[in-house]
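Enquirer:
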Amino acid sequence: MIVADRKPINELLEMIKDCNKILILGCKGCVTVCNVGGSKEVGILASILKIARNKEGKPLEVVEETLERQCDPEYIQQVKDIVNDYDAVISMACGVGPQFLSESYPNQRFFPAVNTTFFGGAVQHGIWAERCAGCGTCIIHRFDGMCPIARCSKSLLNGPCGGSAAGKCEISKEVDCVWDLIVTKKMDQGRMEEITSLKPVKDWRTARDGGPRKSVREELIE
Amino acid sequence: MNDLKSGSNLEKVLKAGHFAFTGECGPPKGANVEHLKEKAAHLKGVVDSVNLTDNQTAVVRMSSWAAATILVQQGIEPNYQLVCRDRNRLAIQSDILGVYAMGVRNMLCLSGDHQSFGNHPEAKNVYDIDSMQLIALAKKMRDEGKFMNEEEIDEPPQLFIGAASNPFADPFEFRVHRLGMKIEAGADFIQTQCIYNMDKWREFMKMAVDMGLHEKAYILAGVTPMKSIGMAQYMAKSVPGMDVPESLIKRLRGAGKGKVAEEGIKFALEQIEEFKEMEGVAGIHLMAIEWEHKVPEIAERAGVLPRPKVD
Numbered sequence: 008m009i010v011a012d013r014k015p016i017n018e019l020l021e022m023i024k025d026c027n028k029i030l031i032l033g034c035k036g037c038v039t040v041c042n043v044g045g046s047k048e049v050g051i052l053a054s055i056l057k058i059a060r061n062k063e064g065k066p067l068e069v070v071e072e073t074l075e076r077q078c079d080p081e082y083i084q085q086v087k088d089i090v091n092d093y094d095a096v097i098s099m100a101c102g103v104g105p106q107f108l109s110e111s112y113p114n115q116r117f118f119p120a121v122n123t124t125f126f127g128g129a130v131q132h133g134i135w136a137e138r139c140a141g142c143g144t145c146i147i148h149r150f151d152g153m154c155p156i157a158r159c160s161k162s163l164l165n166g167p168c169g170g171s172a173a174g175k176c177e178i179s180k181e182v183d184c185v186w187d188l189i190v191t192k193k194m195d196q197g198r199m200e201e202i203t204s205l206k207p208v209k210d211w212r213t214a215r216d217g218g219p220r221k222s223v224r225e226e227l228i229e
Numbered sequence: 038m039n040d041l042k043s044g045s046n047l048e049k050v051l052k053a054g055h056f057a058f059t060g061e062c063g064p065p066k067g068a069n070v071e072h073l074k075e076k077a078a079h080l081k082g083v084v085d086s087v088n089l090t091d092n093q094t095a096v097v098r099m100s101s102w103a104a105a106t107i108l109v110q111q112g113i114e115p116n117y118q119l120v121c122r123d124r125n126r127l128a129i130q131s132d133i134l135g136v137y138a139m140g141v142r143n144m145l146c147l148s149g150d151h152q153s154f155g156n157h158p159e160a161k162n163v164y165d166i167d168s169m170q171l172i173a174l175a176k177k178m179r180d181e182g183k184f185m186n187e188e189e190i191d192e193p194p195q196l197f198i199g200a201a202s203n204p205f206a207d208p209f210e211f212r213v214h215r216l217g218m219k220i221e222a223g224a225d226f227i228q229t230q231c232i233y234n235m236d237k238w239r240e241f242m243k244m245a246v247d248m249g250l251h252e253k254a255y256i257l258a259g260v261t262p263m264k265s266i267g268m269a270q271y272m273a274k275s276v277p278g279m280d281v282p283e284s285l286i287k288r289l290r291g292a293g294k295g296k297v298a299e300e301g302i303k304f305a306l307e308q309i310e311e312f313k314e315m316e317g318v319a320g321i322h323l324m325a326i327e328w329e330h331k332v333p334e335i336a337e338r339a340g341v342l343p344r345p346k347v348d
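Protein chains in written order, with the working numbering: chain A, 8 to 229; chain B, 38 to 348.
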């Protein structure tokens with residue numbers, strides 16, 4: 008899923024400082040699963056903002072809504088009758104949400120409530136970790152399903168670097184060295200020769216480096 | 038002569054079978070050319086080649102490219118270090134051509150410390166290619182006369198290609214295979230991480246020799262004399278991939294006040310004596326960090342002077 012963290016409240020208060028009436032729009036997709044932007048978090052954010060503004064002596068009117076998804080125009084259309092009734096709209100979806108909203112409603116202002124961080128999953132309750140960099144050409148079959156592009160701090164295709172120590176990355180003891188995991192697994196299973204040949208340079212055109220990407224599925228286009 | 042790859046002094050010394058002795062010089066944190074020249078001058082005639090570090094520990098300094106060319110002008114042979122952290126394949130290839138055009142003949146291919154260690158941790162890292170791919174690229178440019186994209190190079194850069202090896206990083210059992218990969222990719226010579234854990238180093242070199250790696254590339258053992266207990270503790274705790282045994286720190290402590298630096302040098306000299314006799318070790322890479330003026334004395338005491346002249 009797409010993982011996100013909520014922005015600090017002061018940053019959000021600054022965004023809406025000239026607003027008296029806002030709409031907070033949650034999303035039932037990934038941000039609900041990672042507990043940052045679903046209907047529950049919409050309610051919490053609404054309360055926090057209202058309390059903060061009351062303290063400032065500038066009460067804020069907040070309306071809460073949560074859409075099925077914000078990455079699909081079909082659901083974005085569901086707020087067409089109300090979206091322009093507010094001074095601004097805060098989206099609690101990933102970075103896609105405010106943009107899809109903005110494209111559909113050019114007369115309204117949309118602010119993000121979250122910092123979209125990565126593609127990953129919950130490694131334990133309350134902790135999510137990155138697993139995919141969305142580089143557009145998956146190569147993890149070479150690495151027993153582990154991705155050095157997303158999980159090596161240097162995205163090395165021929166690792167591990169000289170900073171790998173006791174299974175951890177040189178940048179932090181909190182970060183596993185994915186190359187240690189790859190090498191250890193291959194050696195344990197007697198398949199070391201699979202990684203002792205030079206892996207060629209990557210073609211980054213399918214990644215963000217090739218410019219904004221689009222995925223076209225002809226059979227689905229009406 | 039004709040079968041030399043680069044014609045660098047370092048290559049000639051190694052090829053002639055001499056025990057090589059290379060040094061290192063960190064470019065200044067500024068454009069202070071005089072300071073660089075002064076530091077490098079201590080190494081002139083004392084080492085076979087001088088490594089110019091490339092934004093080491095991810096701290097911004099004068100480019101190793103420029104510093105290397107200043108040494109060329111000074112009549113000192115540089116070993117240009119290039120890290121993959123700061124440049125993509127376009128910049129890497131143009132820098133290789135650039136240094137060659139300016140008279141540089143040795144190059145050390147590195148991934149580079151992650152930028153989070155340095156003084157610009159907010160930076161975007163590049164890592165378009167990795168150090169292994171960089172070695173293969175430098176070899177392709179030299180031996181095939183082609184860029185990465187297969188286009189012909191008008192006057193290929195004839196560089197003596199170096200790579201680093203850190204026997205003290207994990208997983209230990211894989212490190213010698215990684216060294217083999219770098220040699221397979223095209224490394225002519227290897228300069229290792231600073232060695233302090235001699236037991237581990239002996240084990241590593243035995244594996245390298247058993248695999249015949251010392252016959253395919255020249256392996257130079259990395260030595261950095263400890264100047265102080267603080268330095269030893271810093272290296273032990275904060276430098277990625279460094280293995281400083283507690284016994285060494287204890288030995289330095291035992292030296293007593295004002296004698297720690299001398300004890301550090303003594304340890305380095307003992308190491309060098311052992312490396313001279315060790316099968317597979319083709320030389321020493323002495324990284325006397327901000328201690329360049331001590332290198333002549335260390336070289337003298339290590340018995341590696343005068344340096345051989347090979348035509």
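Ideal Cβ placement from N, Cα and C applies to all residues, glycine included. What you are looking at is a predicted structure, and each value in this text was computed from that prediction instead of being measured.
DSSP three-state label for B/Ala349, please.
Expert: With chain B covering only 38 through 348, there is no way to say anything about residue 349 of chain B.
Enquirer: Is any beta-carbon of chain A found at less than 8 Å from that of B/Glu210?
Expert: Interface residue, yes.
Enquirer: Could you tell me if B/Lys346 is buried or exposed, where buried requires 16 or more neighbouring beta carbons within 10 angstroms of its beta carbon?
Expert: Exposed, because fewer than 16 other Cβ atoms sit within 10 Å of the Cβ of B/Lys346.
Enquirer: Under the assumption that A/Gly50 contacts A/Glu72 (Cβ atoms under 8 Å), give the Cβ distance between them as a whole number of angstroms.
Expert: Going by Cβ atoms, the distance from A/Gly50 to A/Glu72 rounds to 11 Å, so no, they are not a contact pair.
Enquirer: Using a Cβ cut-off of 7 Å, pull out every chain B residue sitting near A/Cys168, in sequence order please.
Expert: Under the 7 Å cutoff, chain B gives Ser148.
Enquirer: Can a CB atom of chain B be found closer than 8 Å to the CB of A/Ile147?
Expert: Judged by the 8 Å Cβ criterion, A/Ile147 is not in contact with chain B.
Enquirer: On the DSSP bridge list, what partners appear for A/Ile147?
Expert: In the DSSP output, where bridge partners are listed per residue, A/Ile147 has none listed.
Enquirer: If you follow the beta strand (DSSP E) that B/His251 is part of, which residue opens it and which one closes it?
Expert: B/His251 -> no beta strand (DSSP E), and no H or E assigned at all.
Enquirer: Along the region 107 to 136 of chain B, where does the CB come closer than 8 Å to a CB of chain A? Name the residues.
Expert: Going along the region 107 to 136 of chain B in chain order, one finds Cys121, Arg122 and Arg126 with a Cβ nearer than 8 Å to chain A.
Enquirer: What residue range does the beta strand (DSSP E) around B/Gly320 cover?
Expert: Per DSSP, B/Gly320 belongs to the beta strand (DSSP E) from Val318 to Leu323.
Enquirer: Can you pull the chain B residues whose beta carbon is under 8 Å from the beta carbon of A/Ala172, in chain order?
Expert: Simply Ala206, Asp207, Pro277 and Gly278.
Enquirer: With H, G and I counted as helix, E and B as strand and the rest as coil, what does DSSP make of A/Lys24?
Expert: In the structure shown, A/Lys24 sits in coil (DSSP, three-state: anything other than H, G, I, E or B).
Enquirer: Between the region 227 to 260 of chain B and chain A, which residues of the former have a C-beta closer than 9 Å to a C-beta of the latter?
Expert: Taking 9 Å as the Cβ-Cβ cut-off against chain A, the residues of the region 227 to 260 of chain B that qualify are Gln230.
Enquirer: So, are the CB atoms of B/Val83 and B/Arg338 less than 8 Å apart?
Expert: In this structure, B/Arg338 does not lie closer than 8 Å to B/Val83 by Cβ.
Enquirer: Using the Cβ count rule (16 or more neighbours within 10 Å means buried), how would you classify B/Leu41?
Expert: With fewer than 16 Cβ atoms within 10 Å of its Cβ, B/Leu41 is classed as exposed.
Enquirer: In three-state DSSP terms, what is A/Cys184?
Expert: Here A/Cys184 sits in coil by DSSP.
Enquirer: Would you verify that the beta carbon of A/Val190 is, or is not, closer than 8 Å to some beta carbon of chain B?
Expert: Chain B contact via Cβ: present.
Enquirer: Taking a cut of 9 Å between CB atoms, which residues from the region 205 to 219 of chain A lie near chain D?
Expert: Here chain D cannot be found, since the structure's protein chains are A and B.
Enquirer: Just checking: is the beta-carbon of B/Ile198 within a distance shorter than 8 Å of some beta-carbon in chain A?
Expert: Cβ-Cβ to chain A under 8 Å: no for B/Ile198.
Enquirer: Does A/Lys180 have its Cβ less than 8 Å from a Cβ in chain B?
Expert: By this cut-off, A/Lys180 is not an interface position.
Enquirer: Is the beta carbon of B/Met324 closer than 8 Å to that of B/Cys231?
Expert: The answer is yes: Cβ separation under 8 Å.
Enquirer: Which chain A residues sit within Cβ distance under 9 Å of B/Ala201?
Expert: Result: Gly169.
Enquirer: How far does the alpha helix (DSSP H) with A/Tyr82 in it extend, from its first residue to its last?
Expert: It spans Pro80 to Ile83 - the alpha helix (DSSP H) in which A/Tyr82 sits, taken as one unbroken run.
Enquirer: Can you list, in chain order, the residues of its chain with a C-beta nearer than 8 Å to that of B/Glu210? Leave out the 5 residues immediately preceding and following it.
Expert: None.
Enquirer: Residues in its own chain within less than 6 Å of A/Glu137 by CB, not counting five upstream and five downstream?
Expert: Phe125, Gly127 and Ala157, listed in sequence order.
Enquirer: Would you mind telling me which residues of chain A sit closer than 7 Å to B/Gln270, beta carbon to beta carbon, in chain order?
Expert: Those do not exist, as B/Gln270 stays about 17 Å from chain A at its closest Cβ, beyond 7 Å.
Enquirer: Can you check whether the CB of B/Lys274 is closer than 8 Å to the CB of B/Ala298?
Expert: Their beta carbons are not under 8 Å apart, which means B/Ala298 does not touch B/Lys274 by this criterion.
Enquirer: Which whole runs of the beta strand (DSSP E) in the region 178 to 208 of chain B are 3 residues long or more, in chain order?
Expert: The region 178 to 208 of chain B contains these whole beta strand (DSSP E) runs: 197 to 202.
Enquirer: Are any of the Cβ atoms in chain B nearer than 8 Å to that of A/Leu20?
Expert: No, because no Cβ of chain B sits closer than 8 Å to the Cβ of A/Leu20.
Enquirer: Tell me, please, whether the CB atom of B/Ile326 is closer than 8 Å to any CB atom in chain A?
Expert: B/Ile326 does not count as touching chain A.
Enquirer: Per the contact definition of three or more C-beta pairs closer than 8 Å, is the region 209 to 220 of chain A in contact with the region 44 to 59 of chain B?
Expert: Because the criterion of three Cβ pairs below 8 Å is not met, the region 44 to 59 of chain B and the region 209 to 220 of chain A do not touch.
Enquirer: If you run the structure through DSSP and keep just helix, strand and coil, what is B/Arg215?
Expert: Correct three-state label for B/Arg215: helix.
Enquirer: Determine which residues of the region 161 to 173 of chain B have a Cβ less than 8 Å from any Cβ of chain A, and write them out in chain order.
Expert: From the region 161 to 173 of chain B, only Asn162, Tyr164, Asp165, Ile166, Asp167, Ser168, Met169, Gln170 and Ala173 have a Cβ closer than 8 Å to chain A.
Enquirer: Beta-carbon separation of B/Phe226 and B/Leu51 under 8 Å?
Expert: Yes, they are a contact pair.
Enquirer: Any residues in the region 295 to 323 of chain B with a beta carbon nearer than 7 Å to a beta carbon of chain A? Which ones, in chain order?
Expert: Per Cβ criterion, the list is empty.
Enquirer: With a 10 Å radius around its C-beta and 16 neighbouring C-beta atoms as the bar for buried, classify A/Pro119 as buried or exposed.
Expert: Counting Cβ neighbours within 10 Å, A/Pro119 comes out buried, since at least 16 surround it.
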